[in-house]
Amino acid sequence: MGYKLSDIIQNGPSKLLTETPNAQPAIMATSIFILRILEREFNFRVTDHFDVTLGHSLGEFAAVVAGGYISFQDSLHLVRKRAEAMSDATKHAIEKYGGEYGMVAVISHPEHMDSLIQAIREFVGISAEDQADLPPIEQVLIANINSKNQIVLSGNIERIKTLIAHVRQFLGYDPRAVRLKADSPFHSPIMQPAVTVMRQLLEEPSRAEGREKEDVVTFPGKLPIVSNVSARPVCCKKELKDLLARGCLDTVRWWDSIKYLDQEARIRRWVGVGPGKVGRNLVGKEVGMRGKDLVKGGGVWAITDPSEVEEVLRGLEDTANLMEDDEYSE
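The numbers in the working numbering rise by one with no breaks, and the one at position 62 of the sequence shown is 68.
What follows is the structure, encoded as structure tokens:
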């Protein structure tokens, strides 16, 4: 990467660490470091314990490493270049059009969520393609559908404020809006240049030692992977490359992915690995081993620090026999 990432993670300064080109590789690397500790110190084999992998937005690049699709070295390179392209796209929009850009979480009652999403799409257009001819200062997209009661809007902040005011006026209820600490409008039409960069990078040969002339993507991997873009398992190498590139721009369909795994794939035990517990909180009480009150964690765990590993491993061991029950047989 041209610098020692571990020094920035350990020593900062915070301002340097939180810049997008540093923060995103740091988050991905920390997730994989925790996974490697599981493997090396606790003899934890991913394929013995997990049936499928997925990651939220940037977390998808940790998921492809865990699933055996891309090496850690290649994923780290991709994440760094992706972050640089996203940061550059934002700077270009500001320099050319002015304005302020970012992301805003919108929280609403679950009963209102479908009508809220429909109203927003009618106001701004369904997808990035619908806004292709608009200057960035007018572009807004639903960046994430995170849960049954939370979405995230991304783009020009003033236009987002106008959109939320429109929703409050015409839908007759008042969703809560929270500005996120994001220095770029990720998953908005402004990120189109990053998609082009990612498509090019994903066609380059691997940078991993011993794989220098091989494709950067291995398919199939060790585990199925569910895409943020399609909310379904990836079927081939070409599709994986396409979806990873589109992930810079397209809506993160996290809630659809979770519902697919819960309702169709019947996944009952969930383990999040990485800094912070956002993923675990987004899964929350909606999935897991429902009705099993004696199961610590409810079948949904998060490992954000090596000190939490043993507790999660005990939880997996304690619930192994329950998985033999008819309700959890799949």
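Heads up, the beta-carbon is just placed ideally off N, CA and C, and yes, glycines get one too.
Item	Value
Where A111 sits in the DSSP three-state scheme	strand
Member of I126, M109 and T224 whose CA lies at the smallest distance from the CA of V184	M109
Coil, strand or helix - A2 by DSSP	In this structure the chain extends from 7 to 336, so residue 2 is not present and cannot be described.
Beta bridge counterpart(s) of W307 as assigned by DSSP	V277
Neighbour-count burial assignment, N152, 16 or more Cβ in a 10 Å radius	buried
Contact check, S233 vs S77, beta carbons under 8 angstroms	no
Alpha helix (DSSP H) segment containing A72, residue limits	E66 to A72
The region 209-229 contacting the region 86-106, beta-carbon criterion three pairs below 8 angstroms	no
Assigned exposure category for T96 - 16 Cβ within 10 Å defines buried	buried
Same chain, Cβ closer than 8 angstroms to A125, neighbours up to 5 away in sequence not counted	H172, V173, F176 and L177
Where A89 sits in the DSSP three-state scheme	helix
Alpha carbon of Y75 to alpha carbon of T224, nearest angstrom	5 angstroms
Test item: CB-CB of L229 and T59 under 8 angstroms	yes
Short Cβ contact (8 angstroms threshold) for W276 with V289	yes
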